[in-house]
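Let me begin by presenting the structure, written as structure tokens, before commenting on it.
In my numbering, the protein residues as written are 538 to 810.
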């Protein structure tokens with residue numbers, strides 16, 4: 538892993554390009570800058586990985602970094618691609634627990650690292666930074682939570698479609714049509730046309746005169762066939778619900794993404810100390 542610490546300091550302009558620190562005056566900005574360690578990271582290098590110790594906040598001075606995680610099905614989920622002025626590593630920084638995602642440089646990058654101890658000391662002296670951190674973390678949690686909800690829903694639909702046989706697809710189509718206004722309108726039209734044809738049009742030559750025994754027989758057969766088909770489709774929905782529940786069980790890592798929401802209040806309080 539190619540990472541080298543360099544003695545150069547971030548410029549005040551680069552430091553203020555990070556939303557957390559945009560409102561700092563020159564004195565506070567210089568103090569914060571003195572706490573940062575700048576490192577050069579080559580493209581493709583892992584800055585940290587899931588499970589690593591969460592002891593620092595990272596600020597991007599230049600380059601790009603991809604934040605991603607692997608789900609229980611070993612599929613890679615890209616949470617964000619960050620560039621100059623962005624920061625990352627805040628979740629583990631807040632609660633002191635292991636990293637919840639991987640951070641990989643996708644371009645050569647200059648990363649300024651702020652230790653957890655220095656960060657907490659700094660926010661105690663500048664509560665506005667703590668409030669900006671709370672706002673930023675909350676926004677990211679909402680965005681990531683929505684991403685994971687959509688992914689779980691999509692996985693359920695894909696798995697359900699993969700397991701569906703031709704007979705099951707036909708059952709779903711028939712059940713969907715049988716419960717629609719189109720079916721009601723078509724049935725009513727055919728019934729009226731049948732009765733008009735056999736009562737007034739054909740008259741003596743009617744093939745199913747009143748009381749329309751043939752029509753009643755056909756309706757009975759159709760209803761008898763339609764009922765089990767609808768039940769088959771309902772069973773398919775039950776299977777889909779079970780898949781949804783199983784997918785929920787397969788995503789314990791989702792709780793890792795949202796766990797720091799309960800820490801926001803603690804961070805805000807520390808800023809008032």
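Just so it is clear, CB atoms sit at the ideal spot from N, CA and C, and this is done for glycine as well.
Because the structure is a prediction, the values reported are computed rather than measured.
Problem set entry | Identity of the residues DSSP links to residue 613 by a beta bridge | Your numbering for residue 613 matches position 76 in the chain shown. Paired residue(s): 607.
Exercise. Looking only at its own chain, which residues have a Cβ that is under 8 Å from the Cβ of residue 787, when we skip the five neighbours before and after it?
Worked result: The sequence position of residue 787 within the chain shown is 250, counting from 1. In this predicted model, residue 787 has a pLDDT of only 46, less than 50, meaning its place in the structure is not dependable enough to derive any value.
Exercise. Does DSSP put residue 578 in a helix, in a strand, or in coil?
Worked result: Your numbering for residue 578 matches position 41 in the chain shown. Three-state DSSP puts residue 578 in a strand.
Exercise. Got a sec? Which residues, its chain only, sit under 8 Å from residue 771 by beta carbon, not counting five neighbours each side?
Worked result: Residue numbering aside, residue 771 sits at position 234 when the chain shown is read from its first letter. For residue 771, where only same-chain residues beyond five positions count, the Cβ hits under 8 Å are 712.
For this session: Just tell me which of 549, 704 and 642 has its CA closest to the CA of residue 564.
Result: Residue mapping note: residue 564 aligns to position 27 of the chain shown, counting from 1. It is 549.
Exercise. Looking at residue 765 and the ligand MN, is the gap between the Cβ and the nearest heavy atom below 7 Å?
Worked result: The ligand MN is not part of this structure, which contains no ligands at all.
Exercise. If you drop the 5 nearest sequence neighbours on each side, which residues of the same chain put their C-beta closer than 7 Å to that of residue 789?
Worked result: As a first step, residue 789 must be located in the chain shown, where it is residue number 252. Note that residue 789 scores a pLDDT of 44, beneath 50, so its modelled location is shaky and nothing firm can be said.
Exercise. Should residue 555 be labelled buried (16 or more other beta-carbon atoms within 10 Å of its own) or exposed?
Worked result: On the chain shown, position 18 is the one that residue 555 refers to. It is buried - the Cβ of residue 555 has at least 16 other Cβ atoms within 10 Å.
For this session: Tell me whether residue 644 sits in a helix, a strand or coil according to DSSP, three-state version.
Result: On the chain shown, position 107 is the one that residue 644 refers to. DSSP places residue 644 in coil when its eight states are reduced to three.
Exercise. Tell me which same chain residues have a C-beta within less than 6 Å of the C-beta of residue 629, skipping the five on either side of it?
Worked result: The sequence position of residue 629 within the chain shown is 92, counting from 1. Cβ within range, chain order: 591 and 636.
Exercise. Going by other Cβ atoms of all chains shown within 10 Å of its Cβ, with 16 needed for buried, is residue 625 buried or exposed?
Worked result: Walking along the chain shown from the start, residue 625 turns up at place 88. Residue 625 should be labelled buried.
For this session: Can you say whether residue 593 is buried or exposed, counting buried as having 16 or more other CB atoms within 10 angstroms of its CB?
Result: Translated into positions along the chain shown, residue 593 becomes position 56. Residue 593 is buried by the Cβ-count criterion.
Exercise. Taking C-beta to C-beta, are residue 642 and residue 717 nearer than 8 Å?
Worked result: On the chain shown, residue 642 is found 105 positions in, with the first residue counted as 1. On the chain shown, residue 717 is found 180 positions in, with the first residue counted as 1. In this structure, residue 717 does not lie closer than 8 Å to residue 642 by Cβ.
For this session: For residue 702, count neighbouring Cβ atoms within 10 angstroms of its own Cβ and tell me buried if that reaches 16, exposed if not.
Result: For the purposes of this step, residue 702 is identified with residue 165 of the chain shown, where counting begins at 1. Exposed is the call here.
Exercise. With distances taken from CA atoms, which of 732, 663 and 683 is nearest residue 753?
Worked result: Residue numbering aside, residue 753 sits at position 216 when the chain shown is read from its first letter. Looking at the Cα atoms, 732 is the closest of the given residues.
For this session: Have a look at the DSSP bridge pairing and note the partners of residue 682.
Result: Locating residue 682 in the chain shown gives position 145, where the first residue counts as 1. DSSP, once it has assigned bridges, lists no residue as partnering residue 682.
For this session: Using three-state DSSP, classify residue 494 as helix, strand or coil.
Result: With the chain represented from 538 up to 810, any question about residue 494 goes unanswered, as that position is not in the structure.
Exercise. DSSP on residue 741, reduced to helix/strand/coil?
Worked result: Sequence index remark: in the chain shown, residue 741 carries index 204 (1-based). Helix at residue 741.
For this session: Quick one: residues in its chain with C-beta nearer than 7 Å to the C-beta of residue 647, no 5 flanking neighbours on either side, listed in chain order?
Result: Counting from 1 along the chain shown, the entry for residue 647 is found at position 110. For residue 647, where only same-chain residues beyond five positions count, the Cβ hits under 7 Å are 575, 577, 598, 599 and 600.
For this session: Starting from the C-beta of residue 559, find all residues in its chain whose C-beta is less than 6 Å away, skip the five residues before and the five after it, and write them out in chain order.
Result: Taking the chain shown and counting its residues from 1, one reaches residue 559 at position 22. Once the five neighbours on either side are set aside, the close Cβ partners of residue 559 are 553.
Exercise. Apart from the five residues on each side of it in sequence, which residues of its chain come closer than 6 Å, Cβ to Cβ, to residue 751?
Worked result: The residue given as residue 751 occupies position 214 in the chain shown. Within the same chain, residue 751 has close Cβ partners 745.
Exercise. Does DSSP put residue 660 in a helix, in a strand, or in coil?
Worked result: Within the chain shown, numbered from 1, the residue matching residue 660 stands at position 123. Note: residue 660 maps to helix in three-state DSSP.
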